[in-house]
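Single-structure report; data block below.
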Amino acid sequence: MLTTTLTDAERDALHETYRHLHRNPELSMQEHRTAQFIEGRLDEIGIEHFRCGGTGVVGIQRNGDGPVIGFRADSDGLPIQEDTGADYASSATGTLPDGSTVPVMHGCGHDTHVSSALATAGLMARQADGWSGTIVWLFQPGEETAAGAAAMVDDGLWDRAPKPQVVFGQHVFPTVPSGSIAISRGTAMALADSLKVTVLGTQSHGSQPQNAVDPIVLGAHMVTRLQTIVSRELPPQEPAVVTCGTFHAGLKENIIPDRAEFTLNIRTLTEESRNRVMPAIERIVNAEAQASNAPESRIEEIYRFPRLYNDPERTDQVIRALQGELGDDAVVEVPPAMGSEDFGWLADSIGVPCVFWFFGGFAAENTSPPVNHSPFFLPDMEPTLSTAVRAAVTALSGALAQR
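Residue numbers for the sequence shown follow the UniProt record's numbering, so the first one is 1 and each next one is one higher.
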């Protein structure tokens with residue numbers, strides 16, 4: 001039986017790794033220093049590795065004959081100004097695709113994922129006489145933009161690394177008490193689509209609206225009507241979300257502009273739901289433009305997140321193992337989340353099962369913890385990090401051959 005307990009020195013190293021990563025976040029697909037840091041730690045442990053997908057790192061921990069298991073930890077930060085007040089808070093900046101400089105923060109907890117995965121790899125190496133097989137460590141970039149998993153697969157990930165029988169992943173979450181695990185059978189997280197809609201009109205002086213086709217009024221009608229897709233075109237039992245996240249138009253109060261732009265974020269739990277919602281968006285946008293005698297609007301895809309489906313049989317095995325490690329009350333089965341992840345593509349691309357779970361980040365008595373993507377997001381260091389290591393070791397040891 002493998003131990004899931006870190007020594008004091010290992011825990012201190014885990015905490016220092018976490019502080020370093022939290023202090024030095026990088027934007028999606030720009031994780032150059034983070035990748036170098038990961039490579040250095042893998043060298044210290046003695047794990048072979050290679051770059052994949054630009055700033056992704058793949059470690060191959062070989063330990064004799066046995067199953068091949070994948071384990072993913074994502075590494076990117078977010079364009080957020082940190083406001084936690086921690087002595088290891090980020091003061092890093094990054095560059096967006098438009099060239100603008102923005103503050104960067106690990107506002108989704110990916111620093112906890114990487115630090116706990118590296119600690120787990122070290123713990124598995126220390127106990128190499130207790131298991132057999134191969135662990136493929138997937139330090140994935142670009143989760144926040146849905147670019148990283150696809151980039152690694154497109155860069156020949158599964159031609160260069162052993163193909164796993166199952167891929168595991170985990171994510172810190174604020175509403176799960178620290179020391180606990182939340183997990184779903186079947187669909188675990190939603191598909192997500194993000195779109196940019198450019199509404200075209202005719203510019204005119206604000207005092208002469210008869211000479212204009214007002215894209216602001218037109219866009220407002222589109223945004224309002226789009227909300228009826230969920231409320232009037234889907235069954236009440238079928239979850240979906242259509243959110244308008246931004247709306248930009250005009251430069252001056254007395255000019256009706258020639259265009260407006262808004263962005264949409266769509267969440268669905270099944271491909272069937274997506275295939276109803278997406279055509280409805282295009283139909284409504286085009287119909288409203290026609291009703292206003294406006295040119296046809298442009299609809300452009302920003303990104304798409306794939307499904308995340310937890311294989312039921314493998315999930316049952318993980319649940320039983322985690323209950324044995326943490327206790328029955330510490331492992332909770334939950335319905336699918338409407339958030340999204342590109343993790344599933346790592347397994348779906350080669351037709352193998354995956355299992356993904358959440359570990360808690362804040363004490364149960366904290367009834368209003370900051371949410372992911374908040375400038376105040378700073379999980380309690382313990383027992384959050386140790387629980388992530390315990391969960392990872394438990395899942396891996398249950399899937400690998402025992403000696």
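Beta carbons: idealized from backbone N, C-alpha and C, even for Gly.
Please read all numbers here as calculations on a predicted model, not as lab measurements.
C-beta contact flag for residue i and residue j at 8 Å
i    : j    : result
C244 : L218 : no
M189 : S28  : no
R33  : E26  : yes
A150 : W357 : no
V136 : A73  : no
V102 : L96  : yes
G148 : G142 : yes
P215 : A249 : yes
R225 : E288 : yes
R403 : G133 : no
E325 : T4   : yes
V277 : V223 : no
F168 : V332 : no
Bounding residues of the beta strand (DSSP E) (the contiguous stretch that carries residue i)
i    : result
R274 : Not the beta strand (DSSP E): R274 falls in the alpha helix (DSSP H), residues E271 to A291.
P312 : Premise fails: P312 lies in the alpha helix (DSSP H), P312 to L326, not in any beta strand (DSSP E).
Q140 : W131 to Q140
L400 : Taken as a continuous stretch (DSSP letters only), L400 belongs to no beta strand (DSSP E), as it is neither H nor E.
A182 : I181 to I183
T187 : G186 to M189
A240 : A240 to A249
V331 : V331 to E333
8 Å contact criterion, which residue i and residue j should meet: CB distance rounded
i    : j    : result
P336 : S184 : 6 Å
V389 : L42  : With 8 Å as the limit, V389 and L42 do not qualify as a contact, their Cβ atoms being about 16 Å apart.
G186 : Y309 : 6 Å
I69  : V213 : So it is not a contact: roughly 58 Å between Cβ atoms.
I80  : P375 : 5 Å
P177 : A364 : 4 Å
H49  : G40  : Between G40 and H49 the Cβ distance is about 10 Å, and since that is not below 8 Å, they are no contact.
L385 : L14  : 6 Å
A395 : A321 : 6 Å
Check: residue i C-beta below 7 Å from any heavy atom of the ligand COA
i    : result
A117 : Looking for the ligand COA in the displayed structure turns up nothing, as the structure carries no ligands at all.
Reduced DSSP secondary structure (H/G/I, E/B, other) of residue i
i    : result
N211 : helix
S194 : strand
R19  : helix
S374 : coil
G94  : strand
E48  : strand
F37  : helix
L396 : helix
T101 : strand
L200 : strand
H106 : coil
L264 : strand
D74  : strand
V58  : strand
V352 : coil
G64  : coil
V230 : helix
A364 : coil
Proximal residues to residue i (C-beta, below 7 Å), its chain only, five neighbours per side dropped
i    : result
I350 : W158 and K163
P239 : L269 and M338
D65  : S132
L6   : L14, A119, L123, S386 and V389
E296 : N286 and A289
The alpha helix (DSSP H) enclosing residue i, as first and last residue numbers
i    : result
D380 : First-last for D380: undefined, no H or E at that position.
M152 : G148 to D154
T112 : H110 to R126
G169 : Premise fails: G169 lies in the beta strand (DSSP E), V166 to P177, not in any alpha helix (DSSP H).
G344 : G344 to D348
R307 : Note, R307: premise wrong, no alpha helix (DSSP H); not H, not E.
R160 : L157 to R160
Own chain residues within Cβ distance below 6 Å of residue i, not counting five before or after
i    : result
Q36  : none
E31  : T55, S75, D76 and P141
V261 : Note on identity: in this sequence residue 261 is Glu, with Val being the wrong assignment. Closer than 6 Å at the Cβ level, and outside the excluded window around E261, lie T198 and H248.
N372 : C108
E313 : none
V334 : A182 and S184
Cβ-based neighbour list, residue i, same chain, cut-off 8 Å, excluding 5 preceding and 5 following
i    : result
L251 : P257
A125 : I45, G46, I47 and Q61
R304 : A146, L191, A192, D193 and S194
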